[in-house]
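Residue numbers (this note's numbering), protein chains in the order written: chain U, 270 to 582; chain V, 270 to 582. The next block holds one structure in the form of structure tokens; read it before the comments.
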């Protein structure tokens, strides 16, 4: 059985994402070893951890957590020595990731899980050069990794089930929300959704349909206020009024044919309609539409107050 | 010059959106007249206003605001009589909207602005049957209209500039964030962005790539936590680290070619790159990347606390 007691984490790559992981693991009370070949990496990492620390302190540090428990190493081998978990956050470049993961694999004991922060490559395509690919998984965070809970976990064709399971357990132990995928879909779940929105936004700027500022305003003062409390599915469950998602799809279904975005919608077959309705019912659980409305309303008011205060500083 | 002092608002259509507008206008101290031909409309509207009232009371009611100032009328003509602003929120059906807007137009004094809550039809295609189409505008809200600030305002080919301006002024006076578009793009801004995400989500369910619940979790615990404080553009401005959006686009630009969503991205020309970078700089204004990071971090923590409390009730 794989090792499950981790007290040292290795972070390979210490840019915005890798550095954010460093801050998170330090705050959770781990010893952290970081390696990054960029000449100015150490200074940037120090600034990043310093910038994150007030937020992490406010959230509550684990016992013994300290910025002094970070060691920046000269070599990759020193970084992974004694580490119980390795988080790779190198630039998004497939050949680079393939080589780096093989290099990490070569110097890390075989039962230690190595997770990649990749935004969208599948592990199947990244693990090809590694000698022990079964412990390689994707562990995809969101910026900043020290605050956004979501981590998407998925293995590649050569990944063992125990490695996926152990990565999920580890992330949960350090306070993350883990979304484990059984299929290796490019971009995983959250980035596919976010990327669709981002590409539509770029098209709008490219075509002079909206400015950068209008796009941000449309989200921050519009649907963005709903999404931290109810995702796109439950949001539309409530758009259907007392009839819920069933009414919403039966009523707005034709809008899927409208040229409201450059992305073509799938055919709204009876099967898809029923799957979405059933999924919403399952997610809502015992909460009635009226209770979900009350929950949403309380949250939106509090979110607006929170954002207002954060902006005032 | 058009009338600008409004004390009575007519709401035509009183479903989820129309009813939400009714609640909002009542809370802001207006007399509201609502008309909806559905047989159970009055009872549904009463429940909707009752459900919204605690939130509106918490936010602070305008002086004299009262649920008793709602009158449900038997006819459309009675609803618009004496109204200084008309908000139409009928089902999303083009022929129905064309006929209804013409009917409203026929019984409403010529200088009163009539706004449609349509989710995506252009006013140019909706105003065709009206005799005085120059005062017809789109005033597109988000559910629930009594809490989400955004209203997208845009005229059609036959709409006069004064009507667009007056609608914007009126919405701002009642506490809305107004996004005025100069071009009539299907779906406006926010729905184009939201719809791209929604369609990708439906594709994922249709292809068994993710469940309804995973999709919601990916947003609520992932990028959804950032969007109320910084929209997609400023979010990626911070993903670029100290180099901002310029570094982000130069670094992640190739990802636009990745199959991370079914939506093809536009070509990242130097012009598009520069426009996005300049737009972010303009939006950030005097705030440095470090200040934006601090603002984001404060907001995300507060948002998570707010959502947690709202869920606990």
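Every residue gets a Cβ at the ideal spot worked out from N, C-alpha and C, and that includes glycine.
Between which two residues does the alpha helix (DSSP H) harbouring residue 562 (chain U) extend?
Taking the first residue of the first chain as 1, we reach residue 562 (chain U) at position 293. Element bounds for residue 562 (chain U): 558 to 581.
Is there a C-beta anywhere in chain V that falls below 7 Å from the one on residue 294 (chain U)?
In the first chain, the residue the question calls residue 294 (chain U) occupies position 25. No, residue 294 (chain U) does not count as interfacial toward chain V.
Taking contact to mean 3 or more Cβ pairs, one atom from each stretch, closer than 8 Å, check whether the region 560 to 573 of chain V and the region 518 to 530 of chain V are in contact.
The region 560 to 573 of chain V is not in contact with the region 518 to 530 of chain V.
Measure the Cβ-Cβ separation of residue 296 (chain U) and residue 334 (chain U) and say whether it is below 7 Å.
Within the first chain, residue 296 (chain U) is the residue found at index 27, counting from 1. Within the first chain, residue 334 (chain U) is the residue found at index 65, counting from 1. Yes.
If you draw a straight line from the alpha carbon of residue 348 (chain U) to that of residue 354 (chain U), how long is it in whole angstroms?
Mapped onto the first chain, residue 348 (chain U) falls at position 79. Mapped onto the first chain, residue 354 (chain U) falls at position 85. Residue 348 (chain U) and residue 354 (chain U): Cα-Cα distance of roughly 11 Å.
Taking 7 Å as the threshold (beta carbon to beta carbon), is residue 502 (chain U) in contact with chain V?
The count along the first chain starts at 1 and reaches residue 502 (chain U) at position 233. Answer yes: the Cβ-Cβ gap between residue 502 (chain U) and chain V drops below 7 Å somewhere.
At 9 Å on the CB atoms, spell out the chain U contacts of residue 474 (chain V), in chain order.
Start at 1 with the first residue of the second chain, and residue 474 (chain V) comes out as number 205. Result: 502, 535, 541, 544, 545 and 548.
Quick check on residue 449 (chain U) - is its C-beta less than 7 Å from some C-beta in chain V?
Here residue 449 (chain U) refers to the residue found at position 180 when the first chain is read from its first residue. No, no contact with chain V.
Between residue 489 (chain U) and chain B, is any beta-carbon pair separated by less than 7 Å?
No chain B is present in this structure, whose protein chains are U and V.
With distances taken from CA atoms, which of U:309, U:476, U:571 and U:356 is nearest residue 541 (chain V)?
The sequence position of residue 541 (chain V) within the second chain is 272, counting from 1. Among U:309, U:476, U:571 and U:356, the Cα nearest to that of residue 541 (chain V) is on U:476.
Please name the residues in the region 436 to 461 of chain V whose beta-carbon is closer than 7 Å to at least one beta-carbon of chain U, in chain order.
The region 436 to 461 of chain V vs chain U, Cβ under 7 Å: 446, 448, 452, 454, 455, 456, 458, 459, 460 and 461.
My parser needs the beta strand (DSSP E) runs of 3 or more residues fully inside the region 521 to 556 of chain V; what are they?
None, since the region 521 to 556 of chain V contains no complete beta strand (DSSP E) of that length.
Which residues in the same chain have their Cβ closer than 7 Å to the Cβ of residue 336 (chain V), if we skip the five residues on either side of it in sequence?
For the purposes of this step, residue 336 (chain V) is taken as the residue at position 67 of the second chain. These residues qualify, in order along the chain: 295, 318 and 322.
Name the two residues that bound the continuous beta strand (DSSP E) containing residue 304 (chain U).
The count along the first chain starts at 1 and reaches residue 304 (chain U) at position 35. Looking at the DSSP string, the run of the beta strand (DSSP E) that includes residue 304 (chain U) is 300 to 304.
Consult DSSP for residue 417 (chain V) and reduce its assignment to one of helix, strand or coil.
For the purposes of this step, residue 417 (chain V) is taken as the residue at position 148 of the second chain. Correct three-state label for residue 417 (chain V): coil.
Identify which residue in U:455, U:405 and U:459 has its Cα closest to the Cα of residue 434 (chain U).
Looking up residue 434 (chain U) in the first chain gives position 165. Selected option, being the one with the closest Cα: U:405.
Judging by CA-CA distance, which residue of V:550, V:576, V:453 and V:452 is the nearest neighbour of residue 499 (chain U)?
As a first step, residue 499 (chain U) must be located in the first chain, where it is residue number 230. It is V:576.
Could you check whether the region 509 to 521 of chain V touches the region 546 to 554 of chain V, counting it as contact only if at least three pairs of C-beta atoms, one from each stretch, sit closer than 8 Å?
Yes, the region 509 to 521 of chain V is in contact with the region 546 to 554 of chain V.
Looking only at its own chain, which residues have a Cβ that is under 7 Å from the Cβ of residue 399 (chain U), when we skip the five neighbours before and after it?
Looking up residue 399 (chain U) in the first chain gives position 130. Counting only Cβ-Cβ distances below 7 Å, and skipping sequence neighbours, we find 370, 371, 374 and 405.
Helix, strand or coil for residue 330 (chain U) per DSSP?
As a first step, residue 330 (chain U) must be located in the first chain, where it is residue number 61. Three-state result, residue 330 (chain U): coil.
Only counting the same chain, and skipping five residues up and downstream in sequence, which positions put a Cβ closer than 8 Å to that of residue 462 (chain U)?
If you number the first chain from 1, residue 462 (chain U) lands on position 193. Around residue 462 (chain U): 501.
In terms of residues, what are the limits of the alpha helix (DSSP H) holding residue 367 (chain U)?
Taking the first chain and counting its residues from 1, one reaches residue 367 (chain U) at position 98. Looking at the DSSP string, the run of the alpha helix (DSSP H) that includes residue 367 (chain U) is 363 to 376.
Rounded C-beta distance between residue 402 (chain V) and residue 445 (chain V)? I'm assuming under 8 Å.
Along the second chain, read from residue 1 onward, the residue named residue 402 (chain V) stands at position 133. Along the second chain, read from residue 1 onward, the residue named residue 445 (chain V) stands at position 176. Rounded, the Cβ-Cβ distance is 24 Å, inconsistent with contact.
Where does residue 478 (chain V) fall in DSSP's three states?
Within the second chain, the letter at position 209 stands for residue 478 (chain V). In this structure, residue 478 (chain V) counts as coil in the three-state DSSP scheme.
Does residue 489 (chain U) come out as helix, strand or coil in the three-state DSSP assignment?
As a working note, residue 489 (chain U) is residue 220 in the first chain. Helix at residue 489 (chain U).
Give the interface partners of residue 320 (chain V) over in chain U, defined as CB-CB distance under 9 Å, in chain order.
On the second chain, residue 320 (chain V) is found 51 positions in, with the first residue counted as 1. Those are 559, 562, 563 and 566, listed as they occur along chain U.
Could you check the C-alpha separation between residue 470 (chain V) and residue 276 (chain V) for me, to the nearest Å?
The count along the second chain starts at 1 and reaches residue 470 (chain V) at position 201. The count along the second chain starts at 1 and reaches residue 276 (chain V) at position 7. The alpha-carbon atoms of residue 470 (chain V) and residue 276 (chain V) are separated by roughly 42 Å.
Kindly identify the DSSP beta-bridge partner or partners of residue 409 (chain U).
Here residue 409 (chain U) refers to the residue found at position 140 of the first chain. Answer is U:421, bridged to residue 409 (chain U).
Counting C-beta neighbours from all protein chains within 10 Å, is the total for residue 536 (chain V) 16 or more, i.e. buried, or is it exposed?
Here residue 536 (chain V) is taken as the residue at index 267 of the second chain, counted from 1. Label assigned to residue 536 (chain V): exposed.
Can a CB atom of chain U be found closer than 7 Å to the CB of residue 484 (chain V)?
The residue given as residue 484 (chain V) occupies position 215 in the second chain. Chain U, which has a Cβ nearer than 7 Å to the Cβ of residue 484 (chain V), makes this yes.
Is the shortest distance between the beta-carbon of residue 555 (chain U) and the beta-carbons of chain V less than 7 Å?
Here residue 555 (chain U) is taken as the residue at index 286 of the first chain, counted from 1. Closer than 7 Å: no.
So what's residue 435 (chain U) in DSSP terms, helix, strand or just coil?
Numbered from 1 along the first chain, position 166 holds the residue referred to as residue 435 (chain U). DSSP places residue 435 (chain U) in helix when its eight states are reduced to three.
Whose Cβ in chain V lies nearer than 8 Å to the Cβ of residue 580 (chain U)?
Translated into positions along the first chain, residue 580 (chain U) becomes position 311. Result: 498, 564 and 568.
So, helix, strand or coil for residue 294 (chain V), using DSSP?
For the purposes of this step, residue 294 (chain V) is taken as the residue at position 25 of the second chain. Helix, per DSSP.
Would you call the CB atoms of residue 416 (chain V) and residue 569 (chain U) closer than 7 Å?
Translated into positions along the second chain, residue 416 (chain V) becomes position 147. Translated into positions along the first chain, residue 569 (chain U) becomes position 300. Yes; because the gap between Cβ atoms is below 7 Å, this pair is in contact.
Compute the Euclidean distance between the alpha carbons of residue 378 (chain V) and residue 346 (chain V), then round it to the nearest angstrom.
The count along the second chain starts at 1 and reaches residue 378 (chain V) at position 109. The count along the second chain starts at 1 and reaches residue 346 (chain V) at position 77. Straight-line Cα distance between these residues: approximately 11 Å.
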